[in-house]
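Structure record follows, encoded as structure tokens.
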Amino acid sequence: MDAMTLLHERSSMGKLMGPPPTSEQREAMYCAALRAPDHKELRPWRFIEFSGEGLDRLGELFAEAEFREDPHAEDVVLDAARKKPKRAPMIIAVIAKVTADEPKVPRVEQVISAGCAAHGILLAAHAQGLGAMWRTGKYAFDPTVRKGLGLGEEDELVAFLYLGQLGGRHRPLPEHDIDDFVERWD
Ligand SMILES: Cc1cc2nc3c(=O)[nH]c(=O)nc-3n(C[C@H](O)[C@H](O)[C@H](O)COP(=O)(O)O)c2cc1C
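First residue of the sequence shown: 1, per this note's numbering; consecutive thereafter.
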């Protein structure tokens with residue numbers, strides 16, 4: 001796939017099956033992530049890879065978050081939380097590891113850089129014929145989940161990237177009119 005086709009046609013896939021990406025495929029994805037633009041080379045990125053029992057552990061964290069939020073939560077709610085990570089054979093959490101005392105690179109720039117890293121992973125997944133879906137949901141902002149994944153106070157959980165083999169067909173690409181988004185100061 002040539003670069004322009006990839007950039008123009010990447011799309012998400014929510015239906016994902018095993019097996020998880022191979023180590024070579026993962027390496028290619030991380031190499032793409034690490035080419036994210038990075039002001040002052042702070043490398044404000046941290047990735048956590050979940051597969052196998054790691055997905056169960058992440059699901060337990062989600063259930064714990066539900067329980068902390070509502071100690072009367074019914075089992076069905078806790079079970080639904082537990083199962084969420086099982087929607088893919090692999091998840092990569094992308095964390096913005098923010099350096100707070102860096103006056104030239106405000107927090108927002110570091111978070112954006114981590115977002116670019118996440119996009120790099122999506123693009124590299126798509127280029128390799130894998131399916132991928134960027135999710136956050138309330139757990140990405142939940143204090144129990146943040147603590148369980150070792151986020152610092154300034155850090156941001158930017159993405160849970162669900163990854164695997166395509167379990168369905170890509171949706172047709174939306175058609176946009178570029179002029180709806182672009183102003184030109186000629
Ligand atoms: C920061 C961020 C968080 C997102 N979180 C979710 C989410 O929790 N659930 C979801 O269904 N889609 C979420 N999305 C959107 C999907 O990843 C996807 O981009 C969207 O469904 C459009 O599909 P496309 O990527 O094929 O255009 C999120 C996107 C971004 C950028």
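By construction, the Cβ of each residue, glycine as well, lies at the ideal position given by its N, Cα and C atoms.
Comparing C-alpha distances from glycine 148 to each of Asp38, Glu64, Gln25 shows the shortest one belongs to Glu64. Exclusion of the five residues before and after glycine 168 leaves Lys15 as the residues of its chain whose Cβ lies within less than 6 Å of its Cβ. Three or more Cβ pairs closer than 8 Å define a contact, and the region 97-104 falls short of that threshold against the region 128-146. For a cut-off of 8 Å, the C-beta gap from valine 94 to alanine 118 is around 4 Å, short enough to register as a contact. Between glutamate 49 and methionine 90, the CB-CB gap stays under 8 Å. In chain order, the residues with a C-beta atom nearer than 5 Å to some heavy atom of ligand 1 are Ser11, Ser12, Trp134, Arg135, Thr136, Gly137. Within the model, the alpha-carbon separation for aspartate 142 versus glycine 164 is close to 25 Å. As far as DSSP is concerned, serine 12 takes part in no beta bridge. Of the other Cβ atoms in all chains shown, fewer than 16 fall within 10 Å of the Cβ of leucine 34; this residue is therefore exposed.
Proximity to leucine 58 across Lys83, Trp45, Pro44, Arg43 peaks at Lys83, based on C-alpha coordinates. For leucine 173, there is no enclosing beta strand (DSSP E), since its DSSP letter is neither H nor E. Arginine 26 sits buried, since 16 or more C-beta atoms from the chains shown fall within 10 Å of its C-beta. For tyrosine 162, the enclosing beta strand (DSSP E) begins and ends at 156-166.
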